[in-house]
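If you're matching positions, the sequence shown starts at 6 in my numbering and goes up one per residue.
Quick reminder that beta carbons are idealized off the backbone N, C-alpha and C, glycines included.
This structure is a prediction, so every number in the text was calculated from the model and none was measured.
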Amino acid sequence: NFAPSSQFQAQLLDPMGVGSSLPCQPPCTGNRAGDTRHREESCRFVFASDAKDIQQSDPVATFLAETSSGAVDTCVLHWVLSSKEHEMGSVERIVNFHEQVRNSVDFFGSAILIDDATSGLILGRPVDVQNMSAEDAILRLGQFLCRWSLEQSPPFGVRCGAHTGSLHTLTLPNSENQVSFFGDAFSRARELAHTAVEENMVHLSKTLKDGLRTLEPIPLIITTNRDSYLLEAHTEVSGDTSATCGINVGMRNSVVTGVEDKLVSTLGSTVDRQKMSMDDFRNMLQSKKVDLSAFGKGKAKSLESFYRDVVVDGKSHLVESGTTF
């Protein structure tokens with residue numbers, strides 16, 4: 006049963022508030038066979054007489070039981086190492102990152118579904134004590150991994166994608182009963198990880214964003230195709246005191262005011278843009294309660310120039326915070 010301590014409850018929304026990393030857990034060894042045996046045992050146990058207790062203590066066992074009769078909608082984070090880490094060839098850096106993955110997964114009550122040396126798939130689970138949905142937990146977990154990565158010297162390179170969708174389980178022939186995964190949740194999260202325009206940012210789908218509860222107001226960079234978002238590693242959330250705990254890697258603060266300040270320059274589109282018309286762009290801004298009369302006044306850009314920057318040229322993006330930009 007996932008029963009966080011009072012210290013956990015105080016730190017859940019701010020895991021960085023007590024230092025740069027969480028208490029160390031046994032490092033990942035990259036032993037797929039060992040992880041596979043663990044999943045196999047969990048899968049067998051959930052059908053035993055004491056299945057209820059085991060499921061409560063093992064999120065993977067619970068998930069395997071849920072998917073025993075077919076796919077279920079679930080929230081996942083896919084991470085993949087950048088090409089830079091492959092080129093560096095540092096075993097120590099990769100092992101250290103895996104330690105942080107394990108620490109974060111334990112901290113948020115999530116579960117590792119796939120655990121390879123250079124990529125992985127993490128299952129998000131709700132954290133009821135903080136009224137966090139699975140989407141809240143997996144997004145915060147991904148942000149924590151990105152923060153840790155930026156604190157390394159040189160920064161560790163990882164790309165993260167998160168999505169909520171259907172996920173299937175199966176056992177392949179000649180796989181020694183190893184459980185494998187496929188489906189929209191996995192496929193889309195992997196695509197988002199690979200198409201993120203920058204490393205060490207969480208690239209999330211609109212579907213996942215719609216499932217946010219506690220983190221619903223968090224400022225996100227909206228991509229020009231409007232079906233995915235980016236969360237920066239050091240974007241502040243409620244209760245986040247990392248800025249006062251010596252964490253400073255030069256990341257800009259996404260909590261901004263003014264229409265012009267909400268432009269995030271130098272970021273290209275994450276995928277091929279479906280160009281919207283000027284009228285559609287204007288209607289989108291109005292639907293988000295943006296004051297169109299502010300454009301073209303003083304030093305502010307005109308609405309037409311703003312449209313070219315965001316939609317035509319893709320030089321800038323909008324930051325969406327709650328129900329507005």
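Could you give the distance in angstroms between the alpha-carbon of residue i and the alpha-carbon of residue j?
i, j, result
"V134", "L144", "17 Å"
"L86", "I99", "9 Å"
"A194", "A142", "15 Å"
"E71", "V132", "18 Å"
"H199", "L177", "26 Å"
"K89", "E104", "19 Å"
"T212", "V110", "22 Å"
"E156", "D215", "30 Å"
"L146", "F113", "7 Å"
"G129", "N230", "26 Å"
"V354", "L175", "Residue 354 lies beyond the stretch modelled for the chain, which goes from 6 to 330, so this question has no answer here."
Quick one, are the C-beta atoms of residue i and residue j less than 7 Å apart?
i, j, result
"N136", "T67", "no"
"D78", "S171", "yes"
"A116", "V65", "yes"
"E140", "L217", "yes"
"F186", "L118", "yes"
"I223", "Y234", "no"
On the DSSP letters alone, give me the boundaries of the beta strand (DSSP E) that residue i sits inside.
i, result
"V315", "Here V315 belongs to no beta strand (DSSP E), and DSSP marks it neither H nor E."
"G147", "Element bounds for G147: not the beta strand (DSSP E) but the alpha helix (DSSP H), A139 to E156."
"E237", "S233 to E237"
"F186", "V184 to F187"
Could you give the residue range of the alpha helix (DSSP H) that holds residue i?
i, result
"E104", "V96 to F113"
"A167", "Here A167 belongs to no alpha helix (DSSP H); instead the beta strand (DSSP E) covers V163 to T176."
"L69", "P64 to E71"
"A116", "Unbroken run through A116 is the beta strand (DSSP E), A116 to D120; no alpha helix (DSSP H)."
Which residues in the same chain as residue i place their Cβ atom closer than 8 Å to its Cβ, once the five residues preceding and following it in sequence are excluded?
i, result
"A190", "D78, T79, C80, V81, H168, T169, G170, S171 and L172"
"D232", "S210 and K211"
Please work out which residues of its chain come closer than 7 Å, Cβ to Cβ, to residue i, disregarding the five sequence neighbours upstream and downstream, and give them in chain order.
i, result
"P160", "S154 and N205"
By Cβ distance below 6 Å, which residues in the same chain neighbour residue i in space, the five residues on each side in sequence not counted?
i, result
"L209", "A167 and Y234"
Using only the heavy atoms of the ligand NAD, determine whether one of them is closer than 6 Å to the beta carbon of residue i.
i, result
"G162", "By its list of ligands, the structure shown contains no ligand whatsoever, and the ligand NAD lies outside what it can speak to."
- Message: Would the segment 203–211 count as touching the segment 162–180 if we require 3 or more Cβ pairs under 8 Å?
- Response: yes
- Inter-stretch contact (C-beta, 8 Å, three-pair minimum) for the segment 146–155 and the segment 175–194: no
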